[in-house]
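Start counting the sequence shown at 64; every next residue gets the next number (this note's numbering).
Yeah, the Cβ is synthetic: ideal placement off N, Cα and C, and Gly gets one too.
Single-structure report; data block below.
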Amino acid sequence: MYNLAEHPLSMRAVASVLLQQALVEAASGPSGCGECAGNSHKAVLYRVAPTVFLPAKEQPAVCLRLEKTTRAQPWIYPVRSFKSAAALNDWIMALARGQGPDGKDLYARCVDTCSPQYQFLVTPEGESLAVQTQVQCGLARDVKSDEYRVSTTLRRQCDVPPEAALAAPH
Numbered sequence: 064m065y066n067l068a069e070h071p072l073s074m075r076a077v078a079s080v081l082l083q084q085a086l087v088e089a090a091s092g093p094s095g096c097g098e099c100a101g102n103s104h105k106a107v108l109y110r111v112a113p114t115v116f117l118p119a120k121e122q123p124a125v126c127l128r129l130e131k132t133t134r135a136q137p138w139i140y141p142v143r144s145f146k147s148a149a150a151l152n153d154w155i156m157a158l159a160r161g162q163g164p165d166g167k168d169l170y171a172r173c174v175d176t177c178s179p180q181y182q183f184l185v186t187p188e189g190e191s192l193a194v195q196t197q198v199q200c201g202l203a204r205d206v207k208s209d210e211y212r213v214s215t216t217l218r219r220q221c222d223v224p225p226e227a228a229l230a231a232p233h
């Protein structure tokens, strides 16, 4: 109900604040790559997953199978680009609700009562945000609980020019 009413304590509102704070941190300060030989980039690793699942004996067989296969090989969606964190958050909410082309695809694949778990790698690119999405379809969550684990991690990456990589000791 909180999500429908867009309450400040809703999953949508809390996740939006966490993502926005992480993006601000990614955009500020040094890259943290020290003596990086090439360009440096910052990205935000943003994860969302339920925390309370049905007991093993109540799990549908399809969810157990999908949990095993997508843990080993998550579903990867094409990189998407968004003009703002708000537009990204709208897309994430649509995905999570089975709306839009990606959401419909996800719910066609993550069937029954199986619960998706999301990992988004959000990279600022100029005035927009590029997003790589991985989804693990897994165990059915206990719908009596609305608890989710939402986390952000700042990821720093240094690109090394090919000539520097060749000159590095092996």
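Simplified DSSP assignment, three categories, for residue i
| i | result |
| --- | --- |
| Leu-151 | helix |
| Arg-218 | strand |
| Leu-82 | helix |
| Glu-130 | helix |
| Val-125 | helix |
| Ala-160 | For the record, residue 160 in the displayed sequence is Arg; it is not Ala. Arg-160 falls in the coil class under three-state DSSP. |
| Lys-105 | strand |
| Val-87 | helix |
| Leu-184 | strand |
| Gly-166 | helix |
| Val-77 | helix |
Distance cut-off 7 Å: residue i Cβ against heavy atoms of the ligand SAM
| i | result |
| --- | --- |
| Pro-118 | This structure simply doesn't include the ligand SAM, nor any ligand for that matter. |
Close-in-space but distant-in-sequence residues of the same chain around residue i (CB under 7 Å, 5 per side omitted)
| i | result |
| --- | --- |
| Gln-83 | Ala-148 |
| Phe-116 | Leu-202, Ala-203, Arg-204 and Asp-205 |
| Asp-165 | Tyr-140 and Leu-158 |
| Arg-172 | Trp-138 and Cys-200 |
Residue environment, residue i, which counts as buried when at least 16 other CB atoms sit within 10 Å
| i | result |
| --- | --- |
| Val-206 | exposed |
| Ser-91 | exposed |
| Ser-178 | buried |
| Ala-85 | buried |
| His-233 | Note that His-233 scores 41 on pLDDT, short of 50, meaning its location in the model is unreliable; the coordinates nonetheless yield the value given after this. So His-233 counts as exposed. |
| Ala-159 | buried |
| Ala-78 | buried |
| Lys-146 | exposed |
| Lys-167 | exposed |
| Lys-105 | buried |
Residue-chain proximity (residue i, chain D), Cβ-Cβ < 8 Å
| i | result |
| --- | --- |
| Ala-150 | The structure shown contains no chain D, having only a single protein chain. |
Sequence-distant residues of the same chain with beta carbon closer than 6 Å to residue i, five excluded per side
| i | result |
| --- | --- |
| Gln-197 | Pro-137, Ile-139 and Gln-182 |
| Glu-210 | Thr-114 and Val-115 |
| Gly-163 | Ala-157 |
Expected contact under 8 Å - CB spacing of residue i and residue j to nearest Å
| i | j | result |
| --- | --- | --- |
| Ala-89 | Val-111 | Incorrect: roughly 18 Å between the Cβ atoms, too far for contact. |
| Val-142 | Val-194 | 7 Å |
| Leu-192 | Leu-217 | Not really, about 14 Å apart at Cβ, beyond 8 Å. |
| Val-125 | Asp-175 | 5 Å |
Spatial neighbours of residue i in its chain, beta-carbon cut-off 8 Å, leaving aside the 5 residues before and after
| i | result |
| --- | --- |
| Glu-188 | Ser-144 |
| Gly-14 | With the chain covering 64 to 233 only, the question about residue 14 has no answer from this structure. |
| Pro-123 | Asp-175, Thr-176, Cys-177 and Ala-203 |
Three or more beta-carbon pairs under 8 Å between the segment 208-223 and the segment 121-138, yes or no? The segment 208-223 is not in contact with the segment 121-138.
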